[in-house]
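Asker:
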Amino acid sequence: MDGKAGEKRALTGNEAIARGFYEAGGVVASSYPGSPTVEILEKTKVYEEIYGEFSTNEKVALEVGIGGSFSGARAMVSMKHVGVNIAADPLMTFTLTPTNGGFLLVTGDDPGLASSQNEQDNRVLGKFAHLGILDPSDSQEAKDYTKKALEISEHFEIPMLLRITSRLCHSRSVVVLEDRQEVKSKGINRSKEKFCMIPPGSRRAQMFMKERLQKLEEYAYDTELNTLEEKQGSDTLLITSGLVYYNLKEVEPEASIWKLGLVYPISKKRAKEITSQYKRIIVIEEMMPFIENELKLMGIECEGKKYFEYTGELDVPDIEEGLYQAGLLKNKPEGSKRFVETVSRPPLFCTGCPHRPTFDILKKSKAKVVVGDIGCYSLAALFPFEQSNSIISMGASIGMTKGIRKAMSLTKEEEPLVTVIGDGTFFHSGLPTFVNLLHQKKDNENMTFIVLDNRTTAMTGGQHNGSSGLYNERDDMRVGIKTLLETMGFDRIKEINQYDYKAAEKLFKEEIAYEGLSIIVVNGPCALRYNLEKPYFYVDPKICISCRACIRTNCPPLRMIEYEGIEKLKSSIDKDMCVGCSVCAQVCPVNAIKSSKASEKEGE
Amino acid sequence: MNKLIKNIMFAGVGGQGLILMTRIISQAAMKDDFDIKSNDVVGLSQRGGMVWGNVRIGKKIFSPNIRPGEGDILVAMEPLEALRWSAKLRDDGLIIMNSKRFYPTIVQQEKEEYPEVAIEDLKANMNVIEINAFEEAKNLGKKQVANVMLLGILAKHLEIKVETWKETIKDNVPEKAIDLNMQAFDLGYVYQG
Ligand code: SF4
Ligand code: SF4
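As given, the protein sequences belong to chains A and B, one line each in that order. Numbering (UniProt numbering) for the first sequence: 1 to 604. Numbering (UniProt numbering) for the second sequence: 1 to 193.
1) Per DSSP, what kind of secondary structure is Asn39(B) in: helix, strand or coil?
2) Determine the DSSP secondary structure at Met182(B), reduced to helix, strand or coil.
3) What residues in its chain sit with their C-beta under 8 Å from that of Glu237(A), if we drop five residues either side in the sequence?
4) Which two residues bound the contiguous alpha helix (DSSP H) that contains residue 617(A)?
5) Give the secondary structure of residue 612(A) by DSSP, where H, G and I count as helix, E and B as strand, and everything else as coil.
6) If Val371(A) and Thr419(A) are in contact, beta carbons under 8 Å, what's the gap, nearest whole angstrom?
7) Using the Cα positions of Glu495(A) and Val522(A), report the straight-line distance between them to the nearest angstrom.
8) According to the neighbour-count rule (16 or more other Cβ atoms, all chains shown, within 10 Å of its Cβ), is Asn436(A) buried or exposed?
9) If you run the structure through DSSP and keep just helix, strand and coil, what is Asn2(B)?
10) Take Leu314(A) and list the residues in its own chain whose beta-carbon comes closer than 7 Å to its own, dropping the five residues that flank it on each side.
11) Helix, strand or coil for Ser63(B) per DSSP?
12) Is Val28(A) close to chain B, meaning its C-beta is less than 8 Å from at least one C-beta of that chain?
13) Go through the UniProt domain "4Fe-4S ferredoxin-type" (535-566) of chain A residue by residue and report every complete run of the beta strand (DSSP E) that reaches 3 residues or more, in order.
14) Taking the C-alpha atoms as reference points, what is the distance between Gly126(A) and Pro265(A)?
15) Report the option in Gln183(B), Met149(B), His157(B), Ser63(B) whose CA atom is closest to the CA atom of Ser99(B).
16) For Lys442(A), is the classification buried or exposed, using 16 other Cβ atoms within 10 angstroms of its Cβ as the cut-off for buried?
17) Would the C-beta of Gly12(B) count as close to ligand 1, meaning under 7 Å from any of its heavy atoms?
18) Under 8 Å between beta-carbons, which chain A residues line up against Gln109(B)? List them in chain order, please.
19) Could you pull out every residue in the same chain whose Cβ sits closer than 7 Å to the Cβ of Gly25(A), ignoring the five residues on either side in sequence?
20) Check this for me: beta carbons of Ile40(A) and Asn14(A), under 8 Å apart or not?
21) Based on Cα-Cα distance, which residue from Ala76(B), Lys143(B), Lys156(B), Trp165(B) lies nearest to Lys123(B)?
22) With DSSP as the reference, label Gly132(A) as helix, strand or coil.
23) Looking at chain B, which residues of the segment 217-251 of chain A have a Cβ within less than 8 Å of any of its Cβ atoms?
24) In terms of alpha-carbon separation, which member of Glu445(A), Asn465(A), Ala527(A) lies closest to Gly34(A)?
25) Which residues, in chain order, does the segment 143-177 of chain A contribute to contact with chain B at a C-beta distance below 8 Å?
26) Can you tell me whether Glu581(A) sits near ligand 1, meaning its C-beta is under 7 Å from at least one heavy atom of the ligand?
27) By how many angstroms is the C-alpha of Ile520(A) removed from the C-alpha of Cys588(A)?
28) What does the alpha-carbon distance come out to for the pair Glu23(A) and Lys147(A)?
29) Residues of chain B with CB under 7 Å from Phe339(A), in chain order?
30) Using a Cβ cut-off of 7 Å, which residues of the segment 450-481 of chain A contact any Cβ in chain B, in chain order?
31) Kindly examine ligand 2 and report whether one of its heavy atoms sits closer than 7 Å to the Cβ of Lys542(A).
32) For Pro346(A), which residues in chain B fall below 7 Å Cβ to Cβ?
33) Residue ranges of each alpha helix (DSSP H) run of no fewer than 4 residues wholly in the segment 73-147 of chain A, ordered along the chain?
34) Show which residues of chain A have a CB atom less than 7 Å away from the CB atom of Phe62(B).
35) Pull the bridge partners of Glu303(A) from the DSSP assignment, please.
36) For ligand 1, any of its heavy atoms closer than 7 Å to the Cβ of Tyr538(A)?
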């Protein structure tokens, strides 16, 4: 994404933020991969002026960013909304200190839960942490606000939050490029009472934090980040921010609009001045009634969530419907359907995915309780595998399993527990919980932990993690999971190649039956990231007995079809899709599925 | 309403390269001085789930989202997805449909039938250009160029210059695949359905 000043580009919100950081003279960028913000860090890596890294988890990423700011350089840390929860511990104290180099935390909120386990509104978290919050409406603003946030951060010594939503992260709009502005590093500020947060310094810092926000509120009074569009003769004021603003503009309501770019803090003085001109104030915002509550705390009478859904996105029809309910639109909006109700298509494991044999084996196993975690393997919760009794947050499966086991032991329930965790999640937050397993461990407690090591953070598109180095030259951590766990003190750790179905099945059976704690590290690189591409397999319909064992593995190229001259449906493989992992062939009881020769492979 | 707006929708199955298509269209339209806004759904559904996106092209675009019933053209990389999203089109909208089928889990597991009948109805009742882009691309030498072939068909229905299209595609594909992509685009551009 190089480019000259004045050039126009069609950028996604994520790309625009990366560009903004570059233009602002940014130096340190860190992140942990998570939808919808993955691309931000990836795009900053294009610029050699910026040091960028995907850290082990969000807390670590934040610490790297804090270090950048502390050194006097401009720093940006990006993560998905729930990532901020992981980073919350250092964040809550970091906000007591003044920033040195400008500091920006980007949170990718996910109204409508496009790819997240919850829908938390991080504006609330931002307020909780005493951050200033900016909320851009399109890619141009995403870039502008990134720069502005760093300026504000330095000027008021306040860490800033840029709140962006999934829709905006991935939507593309026109952005005008500018040159990079080199910003001279201020050098480390060594005043201990400001940066060592122990009493009595931290008590003074509480006051500093409050005064800093008051100054920012004064700034908010006439900042051009907030704009008022007055409609002649209207007695209604609509207040909104972010992408919702542009959805609202599609409706062309007969009302004035106050668009907030700086959503926290809001200037009380300004809000009173503006709202007193109007009879009715209606706030239109996605997720929680954040702005609405801020106004109400100021004693301003307004409405909002009363007319709009408290969850999900507010698209144009939702806004129309709300405004109609509020009596601002005369005609009832046509409630047209969004799509034809037809066969659903939920996501599934990729063709040749190494997780497929694992969950096929687990489905057939005796394990009634399978504790799941966050990653591609969360898909195992869906039909046809349905192998996950819970999915909460990154790394939670390990600690939860301990709790389940201890509780069940007290009530003499012996059912084996099986827990799965991916390598990315293992390094992210699984490690401390593994250490915790060793605490008050009893020999007869049956728990089987399966570490699904596909050597990449697969869910978010294949970013590297602690174990990636074992496959990819460019990656450098190369931490061996088995050795690490052994060093910690676990004594029963087995390793197996998941694609070796028969051997894996036997091992799973033994370990699940074992009355004690055992760990299985299953290896098989992500089929997508490492481009698994071997000669395809095909079904000989004359041998196939229609048992559907292969079909149940759910690999996309497999399907029962009619063959000419054969009465029953027989299995088939779409050879253009098959990547030749051999799993279906291994589960076939009659050897009806065979490999084609390498020379016959077409296309690629 | 800004009458110049063209609302183009995409639908397909995760992993089909839909994001590259929205990027190419957005860039091409912008080069020819239109305002654009686009939208992609990425994340979990990338793994073989239903994915969709859209590009809006016009003088001034506010929302990246298309209202139900206001899509002008639907580029569907899969017939079932064409059916699913057809309700978002105008009644006289155009569907450009790749006929290669990807069977969802529930069909694979024989719990439900693939809606062949409804797809036939769709073809009979709406303006549909059907192409087995996947096979055609394979014949050219690389199944990955199927998308660019569909872009070729789409290009005929938009006011973006052919040179602009080609330039933009060149910017977005690997050097060694340029010739093949140009061929695929041309093939789409002259395709009659
Ligand atoms: S060999 Fe079988 S299981 Fe493996 S990719 Fe091909 S169809 Fe799927
Ligand atoms: S597992 Fe073998 S016999 Fe059974 S349906 Fe599949 S190919 Fe036919």
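C-beta: ideal position from N, C-alpha, C; glycine also.
Answerer: Put simply:
1) strand
2) helix
3) In the sequence as displayed, the identity of residue 237(A) is Leu instead of Glu. Closer than 8 Å at the Cβ level, and outside the excluded window around Leu237(A), lie Ala255, Ser256, Ile257, Trp258, Ile274, Thr275, Gln277, Tyr278, Arg280, Ile281, Ile282.
4) With chain A represented from 1 up to 604, any question about residue 617(A) goes unanswered, as that position is not in the structure.
5) Past the boundaries of the shown model lies residue 612(A); chain A is included only from 1 to 604, so the question cannot be answered.
6) 4 Å
7) 6 Å
8) exposed
9) At Asn2(B), the pLDDT of 44 sits below 50, so the modelled position is not reliable and the matter cannot be decided from this model.
10) Val244, Asn247, Ile284, Glu286, Phe308
11) coil
12) no
13) 537-539, 558-561
14) 10 Å
15) Met149(B)
16) exposed
17) no
18) Phe383, Pro384, Ile551, Arg552, Asn554
19) Arg74, Arg180, Gln181, Glu182, Val183
20) yes
21) Ala76(B)
22) strand
23) Leu243, Tyr246, Asn247, Lys249, Glu250
24) Asn465(A)
25) Ser166, Arg167, His170, Ser171, Arg172, Ser173, Val174
26) Rather than Glu, the amino acid found at residue 581(A) in this sequence is Cys. For ligand 1, at least one heavy atom lies less than 7 Å from the Cβ of Cys581(A).
27) 25 Å
28) 7 Å
29) Arg84, Trp85, Ala87, Lys88
30) none
31) no
32) Gly49, Thr105
33) 83-94, 122-128
34) Tyr246, Lys249, Glu250
35) Ile282(A)
36) no
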